[in-house]
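Peer 1:
Number of protein chains: 2
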Amino acid sequence: MSELFTVIPPGQAFATLAHGCSQVERTEIVPLAEALGRVNAADIFAAETLPAFARSTMDGYAVRSADTHGASEQSPAYLELTGDVPTGIVPTVTVVPRTAGRIHTGAMLPQGADAVVMVEDTNQHPSTGSGQVEIEVLAAAAHGENVLTIGEDVARGALAIPAGRRLRPADLGGLAALGITAVEVRARPRIAILSTGDEVVPAGAAPGPAQVRDVNATTVGATVERAGGIAVHCGIAPDEENALLEAARAGLKGADALVLSAGSSVSVRDLTGRIVEALGRPGVLAHGIAIKPGKPTVIALCDGKPVVGLPGNPASALVVAWRIVRPLVRLLGGEAVDDDALGDGRELDALLDLSVPSRPGREDYVPCTLERDAGGALHATPVFGASNLIFTLVRADALIAVPLDRSGLAAGERVRVIVQ
Amino acid sequence: MSELFTVIPPGQAFATLAHGCSQVERTEIVPLAEALGRVNAADIFAAETLPAFARSTMDGYAVRSADTHGASEQSPAYLELTGDVPTGIVPTVTVVPRTAGRIHTGAMLPQGADAVVMVEDTNQHPSTGSGQVEIEVLAAAAHGENVLTIGEDVARGALAIPAGRRLRPADLGGLAALGITAVEVRARPRIAILSTGDEVVPAGAAPGPAQVRDVNATTVGATVERAGGIAVHCGIAPDEENALLEAARAGLKGADALVLSAGSSVSVRDLTGRIVEALGRPGVLAHGIAIKPGKPTVIALCDGKPVVGLPGNPASALVVAWRIVRPLVRLLGGEAVDDDALGDGRELDALLDLSVPSRPGREDYVPCTLERDAGGALHATPVFGASNLIFTLVRADALIAVPLDRSGLAAGERVRVIVQ
Numbered sequence: 001m002s003e004l005f006t007v008i009p010p011g012q013a014f015a016t017l018a019h020g021c022s023q024v025e026r027t028e029i030v031p032l033a034e035a036l037g038r039v040n041a042a043d044i045f046a047a048e049t050l051p052a053f054a055r056s057t058m059d060g061y062a063v064r065s066a067d068t069h070g071a072s073e074q075s076p077a078y079l080e081l082t083g084d085v086p087t088g089i090v091p092t093v094t095v096v097p098r099t100a101g102r103i104h105t106g107a108m109l110p111q112g113a114d115a116v117v118m119v120e121d122t123n124q125h126p127s128t129g130s131g132q133v134e135i136e137v138l139a140a141a142a143h144g145e146n147v148l149t150i151g152e153d154v155a156r157g158a159l160a161i162p163a164g165r166r167l168r169p170a171d172l173g174g175l176a177a178l179g180i181t182a183v184e185v186r187a188r189p190r191i192a193i194l195s196t197g198d199e200v201v202p203a204g205a206a207p208g209p210a211q212v213r214d215v216n217a218t219t220v221g222a223t224v225e226r227a228g229g230i231a232v233h234c235g236i237a238p239d240e241e242n243a244l245l246e247a248a249r250a251g252l253k254g255a256d257a258l259v260l261s262a263g264s265s266v267s268v269r270d271l272t273g274r275i276v277e278a279l280g281r282p283g284v285l286a287h288g289i290a291i292k293p294g295k296p297t298v299i300a301l302c303d304g305k306p307v308v309g310l311p312g313n314p315a316s317a318l319v320v321a322w323r324i325v326r327p328l329v330r331l332l333g334g335e336a337v338d339d340d341a342l343g344d345g346r347e348l349d350a351l352l353d354l355s356v357p358s359r360p361g362r363e364d365y366v367p368c369t370l371e372r373d374a375g376g377a378l379h380a381t382p383v384f385g386a387s388n389l390i391f392t393l394v395r396a397d398a399l400i401a402v403p404l405d406r407s408g409l410a411a412g413e414r415v416r417v418i419v420q
Numbered sequence: 001m002s003e004l005f006t007v008i009p010p011g012q013a014f015a016t017l018a019h020g021c022s023q024v025e026r027t028e029i030v031p032l033a034e035a036l037g038r039v040n041a042a043d044i045f046a047a048e049t050l051p052a053f054a055r056s057t058m059d060g061y062a063v064r065s066a067d068t069h070g071a072s073e074q075s076p077a078y079l080e081l082t083g084d085v086p087t088g089i090v091p092t093v094t095v096v097p098r099t100a101g102r103i104h105t106g107a108m109l110p111q112g113a114d115a116v117v118m119v120e121d122t123n124q125h126p127s128t129g130s131g132q133v134e135i136e137v138l139a140a141a142a143h144g145e146n147v148l149t150i151g152e153d154v155a156r157g158a159l160a161i162p163a164g165r166r167l168r169p170a171d172l173g174g175l176a177a178l179g180i181t182a183v184e185v186r187a188r189p190r191i192a193i194l195s196t197g198d199e200v201v202p203a204g205a206a207p208g209p210a211q212v213r214d215v216n217a218t219t220v221g222a223t224v225e226r227a228g229g230i231a232v233h234c235g236i237a238p239d240e241e242n243a244l245l246e247a248a249r250a251g252l253k254g255a256d257a258l259v260l261s262a263g264s265s266v267s268v269r270d271l272t273g274r275i276v277e278a279l280g281r282p283g284v285l286a287h288g289i290a291i292k293p294g295k296p297t298v299i300a301l302c303d304g305k306p307v308v309g310l311p312g313n314p315a316s317a318l319v320v321a322w323r324i325v326r327p328l329v330r331l332l333g334g335e336a337v338d339d340d341a342l343g344d345g346r347e348l349d350a351l352l353d354l355s356v357p358s359r360p361g362r363e364d365y366v367p368c369t370l371e372r373d374a375g376g377a378l379h380a381t382p383v384f385g386a387s388n389l390i391f392t393l394v395r396a397d398a399l400i401a402v403p404l405d406r407s408g409l410a411a412g413e414r415v416r417v418i419v420q
């Protein structure tokens, strides 16, 4: 184990882990109804062209556009109604010159027609005697007007859904449109979560005097699940080297990464470092990250698997879980995640109501409440006080992110906040 | 059925539905590991005080602060080491005047001590002869310094987690800290989803000529699930009044709300209106909403249950599902959702790269791509073209929201976008 107490910026810590590990290769096939939020495993190309036929986008009359040329309220065009175009079946009518077919939204354009005149731009006149019905067209329709043409949505052979996309409702809709009802997705990365500490008991146990309940297994597990991973709970190990190593090794064996939540005391950190060194090569990459709260975080790679040793303090552990573990899970799960990524739609910009002090060279995360003013602008109000308490986070809406290079944020600034 | 074709703003449509329906009263008890994203059913009060004992937040020495008064590098205080304070058990040492106990982060403060001096602010000197060890204290510690006091996190009887909160990782951590391992949550609202249209076939079927696959069941179902609801799929009904009414009635019977996705043609809209009128009182509240795309949306309340008739067009249906169905599901599910709410962390502010035309009196939703520039600012670039196609949404990152009262948005403006 390196004797140097190396502290690196959080972005660098994540990038180093990202560089040294591989995405989960396992895939599984799930029905569309279970694919929301899963990561598409392979590029999906359209096997057919959509729409497969020209369709009307309006209620009105299918016409030959040339027949409506120059038509206006002052000088209407008159067409003979040639029949109805029902929805869902191939039209039997053909639109020959100076005729029109009555058509509904979504129906196939009949042969001969190349445009649709909206019903609002027409009058219908019962004919006198002949049994024919006359359509008065009050506006010209250009070629293709109010018509969805073949292939306008997606062309056969085109990339429909790229690999690595976390599937959204619209993506699932695109697959349904193409008749794809099951999709190959990446397996969810398995993240082993091991709590340590002689003073820590399970959340369901009654702590003795001087003991506390395990909070981190729950918060880290929820963060992993939200990022698309599977939390594999490995219980609580004592601060004893052999027992801890055995538990860590067993946890990492069946998982793609290991998150330890250990104490922050120097002796416990040393213990964590020794354990991690024994788990695989190259071992510990950093003995701390430049973040507050959360500095005493161990960053390691053990035989290609990321290992993150979180501080034992619940608030610190959760902040580092957000900053490092969350993008790591997304990356392992097959998404393209850049070095400094928090960009999964949980970041907002807000106007800062009170100044926040910080120190350059360190990312700070300050709990805040969020509120929209009457004009719709979002305001962030820092919650000062003991930021290392879990209920400080429970009472907060978000965390204000103070960038590495800033010595603080001024009231009135537009700042980035991370919604919990 | 009202003969008037009433078009109301989307916010008013949602508010009217919200006013006329009730939240789901059913609850269920789930373990913490399954409670992420569920809505807490009842106020939860702390049954105990946390921390339950004063704890050290640092590695160092537990002292009586008075003994360190005035201590500095130039004028250290000297204390006799009285013993170790192990973590996780009640300390056996007592700190009497002019003594100090060695303590680790998280350990219980021993009797007599009221502060902790960080190890960095001390030197330890082996004594000569007596077997005693002397601690040199280089900085004064104030009363309570580096100590987490009893009740600093949460006090017994305090509101720990309010009813109506969608549970986040930190909330689950707070519950774990209190020893609460299962939580009563609102049942997920059940939303019946019924597609209609003679031209519509299931996504898994091969469409005949002039037929299309059902996209809306998938996209609306995914939107409902993401908002915390259960999508109850009721299949596809033909455009025939009796069959449609029967399917709608059966769907609504076992559900808390019904979402119909119907065609947008006038005759189909009339049919939808008649069906909805027959489902319960007061029936149709609006025959359209001032939104683009999505205007031909039917808003109704049938015997206390919301019914939304979406346009058949997939993109329109999805936009209205975002704007109306999503907050409705959250509201039914027990969250406090305000009239005009999109505020579930999927809204971002971005700088608009190109001007977007609109019309006052209508909310417009324009597909866009999102990109961060080198300085970290988020830019939205509108994707123009056929916005009523599902693959236009597949290719987009978000939708730019043009407010009701605006005649367009100018390039360079800060705008609100809704991440898909």
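Here the protein sequences come in this chain order: A and B. Quick note: the first sequence uses our numbering, first residue 1, plus one each step. Quick note: the second sequence uses our numbering, first residue 1, plus one each step. Glycine is no exception: its CB is placed at the ideal position from the N, C-alpha and C atoms. Just so you know, these numbers come straight off a predicted model, no measurement behind them.
1) For residue 324(A), name the three-state secondary structure that DSSP assigns.
2) Closer than 8 Å, Cβ to any Cβ of chain A: which residues of the region 92 to 119 of chain B, in chain order?
3) Check whether the region 62 to 80 of chain B touches the region 236 to 245 of chain A, taking contact to mean three or more Cβ pairs, one atom from each stretch, closer than 8 Å.
4) Can you name the start and end residues of the beta strand (DSSP E) that residue 379(B) belongs to?
5) Leaving out the 5 sequence neighbours to the left and right, which residues in its chain are closer than 6 Å to residue 121(A) when beta-carbon positions are compared?
6) Return the residue from the list 58(B), 27(B), 21(B), 15(B) that minimises the CA-CA distance to residue 263(A).
7) Under 8 Å, with one C-beta from each stretch per pair, do the region 243 to 254 of chain A and the region 278 to 297 of chain A reach the 3-pair mark?
8) So, for residue 190(A): in the same chain, excluding its five sequence neighbours on each side, which residues have a beta-carbon less than 6 Å away from its beta-carbon?
9) Output the distance between the C-alpha atoms of residue 424(A) and residue 376(B), rounded to the nearest integer angstrom.
10) How would you write the range of the alpha helix (DSSP H) that residue 216(A) sits in, first residue to last?
11) Could you check where the alpha helix (DSSP H) with residue 253(B) kicks off and where it finishes?
12) When you compare the CB of residue 405(B) with every CB in chain A, is at least one pair closer than 7 Å?
13) Using the DSSP secondary-structure output, state which residues sit across from residue 305(B) in a beta bridge.
14) If the criterion is Cβ atoms closer than 7 Å, does the pair residue 294(A) and residue 325(A) meet it?
15) So who's on the other strand from residue 408(B), going by DSSP bridges?
16) Drop a sphere of 10 angstroms on the beta-carbon of residue 97(A), count the other beta-carbons inside from all chains shown, and report buried for 16 or more, exposed for fewer.
17) Does any CB atom of chain B fall closer than 7 Å to the CB of residue 251(A)?
18) Under the rule that 16 or more other beta-carbon atoms within 10 Å means buried, what is residue 391(A), buried or exposed?
19) DSSP beta-bridge partners for residue 118(A)?
20) Label residue 384(B) either buried or exposed according to how many other C-beta atoms from any shown protein chain fall within 10 Å of its C-beta, with 16 as the threshold for buried.
21) Assign residue 361(A) to buried or exposed, taking buried as 16 or more other Cβ atoms, counted over all protein chains shown, within 10 Å of its Cβ.
22) Does any residue of chain A have a CB that is nearer than 7 Å to the CB of residue 209(B)?
23) Could you tell me if residue 124(A) is buried or exposed, where buried requires 16 or more neighbouring beta carbons within 10 angstroms of its beta carbon?
24) Quick one: grab the DSSP three-state call for residue 396(B).
25) Measure the CB-CB distance between residue 366(B) and residue 400(B) and report whether it falls below 7 Å.
26) Compute the Euclidean distance between the alpha carbons of residue 23(B) and residue 184(B), then round it to the nearest angstrom.
27) At 3 residues or longer, and completely inside the region 7 to 78 of chain A: list those beta strand (DSSP E) runs for me, N to C.
28) Could you tell me which residues DSSP pairs with residue 161(B) in its beta bridges?
29) Taking all protein chains shown into account, do 16 or more other C-beta atoms lie within 10 angstroms of the C-beta of residue 287(A), making it buried, or fewer, making it exposed?
30) Along the chain, where does the alpha helix (DSSP H) that runs through residue 277(A) open and close?
31) Closest Cβ-Cβ distance between residue 203(B) and chain A: below 7 Å?
32) Sorted by chain position, which residues of the same chain lie with C-beta nearer than 7 Å to residue 314(B)'s C-beta, five sequence neighbours on each side aside?
33) Indicate whether residue 54(B) and residue 147(B) have their beta-carbon atoms separated by less than 7 Å.
34) State yes or no: is the beta carbon of residue 171(B) nearer than 7 Å to at least one beta carbon in chain A?
35) Leaving aside the five residues before and after residue 132(A) along the sequence, list all residues of the same chain whose C-beta is less than 8 Å from its C-beta, in chain order.
36) Can you tell me whether residue 407(A) is buried or exposed, with buried defined as 16 or more other CB within 10 angstroms of its CB?
Peer 2: In short:
1) DSSP places residue 324(A) in the helix class (H, G or I) of the three-state scheme.
2) 104, 105, 106, 107, 108, 119
3) no
4) Note, residue 379(B): beta strand (DSSP E), 378 to 382.
5) 138, 139
6) Of the listed residues, the one whose Cα sits closest to residue 263(A) is 58(B).
7) yes
8) 230, 232, 255, 256
9) No statement about residue 424(A) is possible, as the shown extent of chain A runs from 1 to 420 and does not include it.
10) Per DSSP, residue 216(A) belongs to the alpha helix (DSSP H) from 216 to 226.
11) Residues 241 to 253.
12) no
13) 302(B)
14) no
15) As a beta-bridge residue in DSSP terms, residue 408(B) pairs with 357(B).
16) With fewer than 16 Cβ atoms within 10 Å of its Cβ, residue 97(A) is classed as exposed.
17) no
18) buried
19) 60(A)
20) exposed
21) exposed
22) yes
23) exposed
24) Coil, per DSSP.
25) In this structure, residue 400(B) lies closer than 7 Å to residue 366(B) by Cβ.
26) 15 Å
27) 27 to 31, 60 to 63
28) 44(B)
29) buried
30) 266 to 279
31) yes
32) The residues are 215, 216, 219, 390.
33) Yes.
34) yes
35) 80, 81
36) Within 10 angstroms of the beta-carbon of residue 407(A) lie fewer than 16 other beta-carbons, which makes it exposed.
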